[in-house]
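S.K.: Take a look at the following structure, please.
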DNA sequence: GCTATTATGTCAGCACTATTGACATATTTT
DNA sequence: AAAATATGTCAATAGTGCTGACATAATAGC
């Protein structure tokens with residue numbers, strides 16, 4: 040990960056031009072009783088965690104000519120069978136075109152299939168084919184292992200607080216939807 | 040966030056083709072003593088949390104003709120003054136070309152400046168200009184607020200476990216570097 | 001001092017993801 | 001019958017990332 044020591048020893052003399060978060064600025068916790076540094080720490084950890092969390096699936100995807108977007112779609116389709124296009128749009132928060140492209144490829148290559156809803160025949164319900172389920176499981180494996188290992192390392196009683204923290208990072212207006220989505224596949 | 044109920048009521052009759060994680064598959068916890076569902080729950084929360092975490096800065100960036108990559112570079116430069124190009128490469132895990140493009144733009148537009156290291160004159164130490172520091176603070180504000188709010192909602196004793204969980208999601212080989220990087224800006 | 005290595009920068013070209021805005025179709029709702 | 005909903009499609013554009021090769025400058029090792 041590199042020398043880690045970002046600051047050059049001459050930096051002091053050279054002088055850092057306007058660095059955010061000096062000791063002075065940090066004296067007064069500006070928000071929620073947390074120091075800026077503590078908040079920035081979580082910001083950076085979130086970045087690094089996410090960076091590595093998607094790293095392994097990305098390699099598999101590349102070898103298949105797919106990208107990260109295919110993974111996301113396949114995941115939600117596989118995990119939530121019968122999901123609709125509209126659901127995917129609001130989950131992924133991307134536009135119809137962006138979704139259409141990857142969804143079309145997944146369907147053409149036999150990873151996902153569409154069926155008409157009987158309740159409302161405008162709806163196309165999405166399901167993973169066996170081939171799609173297999174790929175989804177393959178992509179999920181390193182991620183599930185990583186999470187299980189992280190929980191083991193952090194102590195299993197870290198699970199609930201970590202979950203609450205992540206949950207509350209979500210836009211308030213989306214939380215109920217996320218809760219329901221996950222609950223459809225059991226919550227706690 | 041959408042109807043949330045992914046499953047169509049006719050889905051049962053239609054039959055989900057090969058869905059991952061049925062009740063049956065879930066009976067036996069496959070990894071680390073955690074059920075698949077519990078691990079998938081964190082997978083999805085991580086996705087949603089990250090999605091919304093970067094949402095607000097993205098809007099600001101777009102209005103400036105910048106993208107997410109500019110934010111990441113500006114963040115690490117501003118937060119870790121005197122950081123080197125090599126550090127950024129290993130932190131971001133992108134190639135030199137990808138970094139060069141956004142870094143050049145940030146320098147040309149006066150957000151970042153380079154200085155020669157006196158220890159080793161091959162090195163270009165990076166600093167945020169006052170303009171860059173201001174933008175960095177502007178981009179960070181909604182994220183810091185979001186984290187502070189999430190901690191408040193999850194209970195402040197969630198901070199340490201959440202931190203440990205995220206930290207342990209990072210590739211083991213990178214953890215020491217991340218710890219040192221963050222420690223350079225105080226840890227606990 | 002000479003060579004190897006390190007740190008950085010740069011070129012051309014390509015792939016994936018995402019965007020906007022408009023338009024088309026089928027179906028359900030009012 | 002008209003309005004709203006669900007989905008699909010078009011063309012054009014932007015941002016980010018990649019590979020692989022090559023160039024310069026400076027430090028380190030022998």
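Protein chains in written order, with this note's numbering: chain Y, 40 to 227; chain G, 40 to 227. Note that the Cβ used here is the ideal one computed from N, Cα and C, for glycine as well.
Ends of the beta strand (DSSP E) at residue 95 of chain G?
M.R.: In the second chain, counting from the first residue as 1, residue 95 of chain G sits at position 56. No beta strand (DSSP E) holds residue 95 of chain G; the alpha helix (DSSP H) holding it covers 94–102.
S.K.: When DSSP labels each residue in this structure, what does residue 162 of chain Y get in the three-state scheme?
M.R.: For the purposes of this step, residue 162 of chain Y is taken as the residue at position 123 of the first chain. Here residue 162 of chain Y sits in coil by DSSP.
S.K.: With 8 angstroms as the threshold, decide whether the Cβ of residue 82 of chain Y is near any Cβ in chain G.
M.R.: As a first step, residue 82 of chain Y is located in the first chain; it is residue number 43 there, counting from the start. It does; some Cβ of chain G falls within 8 angstroms.
S.K.: Can you name the residues that DSSP bridges to residue 155 of chain G?
M.R.: Here the question's residue 155 of chain G lines up with position 116 in the second chain. Note: residue 155 of chain G sits in a beta bridge opposite G/163.
S.K.: May I ask you to report which of helix, strand or coil DSSP gives residue 122 of chain Y?
M.R.: Counted from its first residue, the first chain places residue 122 of chain Y at position 83. Strand at residue 122 of chain Y.
S.K.: Starting from residue 204 of chain Y, trace the alpha helix (DSSP H) in both directions and tell me its first and last residue.
M.R.: For the purposes of this step, residue 204 of chain Y is taken as the residue at position 165 of the first chain. Note, residue 204 of chain Y: alpha helix (DSSP H), 198–208.
S.K.: Does the distance from the CB of residue 185 of chain Y to the CB of residue 131 of chain G come in under 8 angstroms?
M.R.: Sequence index remark: in the first chain, residue 185 of chain Y carries index 146 (1-based). Sequence index remark: in the second chain, residue 131 of chain G carries index 92 (1-based). No. Outside cutoff.
S.K.: Is the CB of residue 201 of chain Y under 8 angstroms away from at least one CB in chain G?
M.R.: As a position in the first chain, residue 201 of chain Y is number 162, starting the count at 1. Chain G has a Cβ within less than 8 angstroms of the Cβ of residue 201 of chain Y.
S.K.: Who are residue 182 of chain Y's beta bridge partners in DSSP?
M.R.: Walking along the first chain from the start, residue 182 of chain Y turns up at place 143. BP columns for residue 182 of chain Y are empty, so no partner.
S.K.: Excluding the 5 residues flanking residue 120 of chain G on each side, which residues of the same chain have their C-beta closer than 6 angstroms to its C-beta?
M.R.: For the purposes of this step, residue 120 of chain G is taken as the residue at position 81 of the second chain. Only 166 meet the Cβ criterion.
S.K.: Cutting at 6 angstroms between CB atoms, please list the residues of its own chain near residue 188 of chain Y, excluding the five before and the five after it.
M.R.: The sequence position of residue 188 of chain Y within the first chain is 149, counting from 1. Cβ within range, chain order: n/a, list empty.
S.K.: Per DSSP, what are the beta-bridge partners of residue 144 of chain Y in this structure?
M.R.: In the first chain, residue 144 of chain Y corresponds to position 105, counting from 1. As DSSP reads the structure, residue 144 of chain Y sits in no beta bridge.
S.K.: Can you name the residues of chain Y whose CB is closer than 8 angstroms to the CB of residue 193 of chain G?
M.R.: As a first step, residue 193 of chain G is located in the second chain; it is residue number 154 there, counting from the start. Neighbours of residue 193 of chain G on chain Y, chain order: 200, 203, 204, 206 and 207.
S.K.: What do you get for residue 110 of chain G, buried or exposed, if any count of 16 or more other CB atoms within 10 angstroms of its CB means buried?
M.R.: For this step, residue 110 of chain G is matched to residue 71 along the second chain. That one is buried.
S.K.: Starting from the C-beta of residue 221 of chain Y, find all residues in its chain whose C-beta is less than 8 angstroms away, skip the five residues before and the five after it, and write them out in chain order.
M.R.: Stepping through the first chain from its first residue, residue 221 of chain Y is reached at position 182. There are no such residues.
S.K.: When the Cα of residue 206 of chain Y is compared with those of G/90, G/213, G/128 and G/134, which residue comes out closest?
M.R.: Along the first chain, read from residue 1 onward, the residue named residue 206 of chain Y stands at position 167. Comparing Cα positions, the closest option is G/90.
S.K.: On the CB-based measure, 16 or more other CB atoms within 10 Å of its CB, does residue 213 of chain G come out buried or exposed?
M.R.: Translated into positions along the second chain, residue 213 of chain G becomes position 174. The residue in question, residue 213 of chain G, is buried, as its Cβ has 16 or more Cβ neighbours within 10 Å.
S.K.: Establish whether the CB of residue 182 of chain G and some CB of chain Y are separated by less than 8 angstroms.
M.R.: Taking the second chain and counting its residues from 1, the one referred to as residue 182 of chain G is at position 143. Closer than 8 angstroms to some Cβ of chain Y, the Cβ of residue 182 of chain G qualifies, so yes.
S.K.: Output the distance between the C-alpha atoms of residue 217 of chain Y and residue 88 of chain G, rounded to the nearest integer angstrom.
M.R.: For the purposes of this step, residue 217 of chain Y is taken as residue 178 along the first chain, with counting starting at 1. For the purposes of this step, residue 88 of chain G is taken as residue 49 along the second chain, with counting starting at 1. Roughly 10 angstroms between the two C-alpha positions.
S.K.: Report, in whole angstroms, the separation of the C-beta atoms of residue 80 of chain G and residue 118 of chain Y, which I expect to be a contact under 8 angstroms.
M.R.: On the second chain, position 41 is the one that residue 80 of chain G refers to. On the first chain, position 79 is the one that residue 118 of chain Y refers to. So it is not a contact: roughly 10 angstroms between Cβ atoms.
S.K.: Give the secondary structure of residue 171 of chain Y by DSSP, where H, G and I count as helix, E and B as strand, and everything else as coil.
M.R.: For this step, residue 171 of chain Y is matched to residue 132 along the first chain. Of the three classes helix, strand and coil, the one that applies to residue 171 of chain Y here is helix, per DSSP.
S.K.: What three-state label does DSSP hand residue 134 of chain G in the structure shown?
M.R.: On the second chain, position 95 is the one that residue 134 of chain G refers to. The answer is coil: DSSP assigns residue 134 of chain G none of H, G, I, E or B.
S.K.: Using 10 angstroms around the beta-carbon of residue 153 of chain G, count the other beta-carbons present and answer buried if the total reaches 16, otherwise exposed.
M.R.: As a position in the second chain, residue 153 of chain G is number 114, starting the count at 1. Classification of residue 153 of chain G: exposed, given that the 10 Å Cβ count is below 16.
S.K.: Name the chain Y residues whose beta carbon is nearer than 7 angstroms to that of residue 221 of chain G?
M.R.: Against the second chain, residue 221 of chain G aligns to sequence position 182. What residue 221 of chain G touches in chain Y: 80 and 83.
S.K.: Can you say whether residue 100 of chain G is buried or exposed, counting buried as having 16 or more other CB atoms within 10 angstroms of its CB?
M.R.: What you label residue 100 of chain G is simply residue 61 of the second chain in a count that begins at 1. Buried: at least 16 other Cβ atoms inside 10 Å.
S.K.: Short of 8 angstroms in beta carbon distance, which residues of its chain neighbour residue 149 of chain G, apart from the five on each side in sequence? Order them along the chain.
M.R.: Here residue 149 of chain G refers to the residue found at position 110 of the second chain. Only 168, 170 and 171 meet the Cβ criterion.
S.K.: Can you give me the start and stop residues for the alpha helix (DSSP H) that residue 213 of chain G sits inside?
M.R.: Numbered from 1 along the second chain, position 174 holds the residue referred to as residue 213 of chain G. Residues 211–222.
S.K.: Going by C-alpha to C-alpha distance, which of G/215, G/76 and G/123 sits closest to residue 159 of chain G?
M.R.: In the second chain, counting from the first residue as 1, residue 159 of chain G sits at position 120. Ranking G/215, G/76 and G/123 by Cα distance to residue 159 of chain G puts G/123 first.
S.K.: Per DSSP, what kind of secondary structure is residue 105 of chain G in: helix, strand or coil?
M.R.: Counting from one through the second chain, the residue named residue 105 of chain G turns up at place 66. It is coil, neither helix nor strand.
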